[in-house]
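Going by the numbering used here, the sequence shown opens with residue 9, and the numbers climb by one from there.
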Amino acid sequence: AELGRYGLEIAWTGQSVINPSRDKVEHFTLDEEVVFSLGTNGVLSAFDAETGRRLWAQRLGSHDEPGFPPATNEEIVIVTVGSKLFGLDKLSGDIAWQVRLPG
C-alpha cells in the first residue's frame, strides 16, 4: 500500500543466505538475468531477476572478510572475497576457478 502511493509495486522478494542477527548484505548487484547478494558472512546468493527464485548460494569466504561487488558477463560472475578472486558459473554457482591475490 505504501509503495502504491508512489506508483511502485513489489515484483518479487527473496531471502539471501545470511543470519539476520549477525550478518548484513554487503553488496547487491544485478545484470540482465541474475541478481546477486554478497553478505558479510562470505556467501554469494543468486536470484533469477524475473521471478526472484533463488538459483544458488555459495560460500566464498569467512565472516567479516572484505568483499567487493560482483561483476558479470554472459557466463561468469567474478567476485573478490578476502584475498581470493573467484570465477563462478553465473547460472549454477559452480566455482570455475579461484586465484589468491598478492598482498
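In this text, a Cβ means the ideal position worked out from N, Cα and C, and glycines have one as well.
Quick caveat: nothing in here was measured; it's all calculated off a predicted structure.
Report the three-state DSSP secondary structure of PHE62 (helix, strand or coil).
-> Inspection of the sequence shows that residue 62 is occupied by Arg rather than by Phe. Of the three classes helix, strand and coil, the one that applies to ARG62 here is strand, per DSSP.
Inside the stretch 9 to 62 only - alpha helix (DSSP H) runs reaching at least 4 residues = List check, alpha helix (DSSP H) in window: nothing returned.
How close, in whole Å, do the beta carbons of GLY75 and LEU46 come, if the pair is a contact with beta carbons under 8 Å?
-> Between LEU46 and GLY75 the Cβ distance is about 5 Å, and since that is below 8 Å, they are a contact.
Measure from the alpha carbon of GLU73 to the alpha carbon of each residue in GLU34, ASP97, VAL43, GLN106, then state which is nearest.
-> For GLU73, the closest C-alpha among the options GLU34, ASP97, VAL43, GLN106 is that of GLU34.
Hey, could you find the ends of the beta strand (DSSP E) ASP97 is sitting in?
-> If you look at ASP97, you'll find it in the beta strand (DSSP E) that goes 92 to 97.
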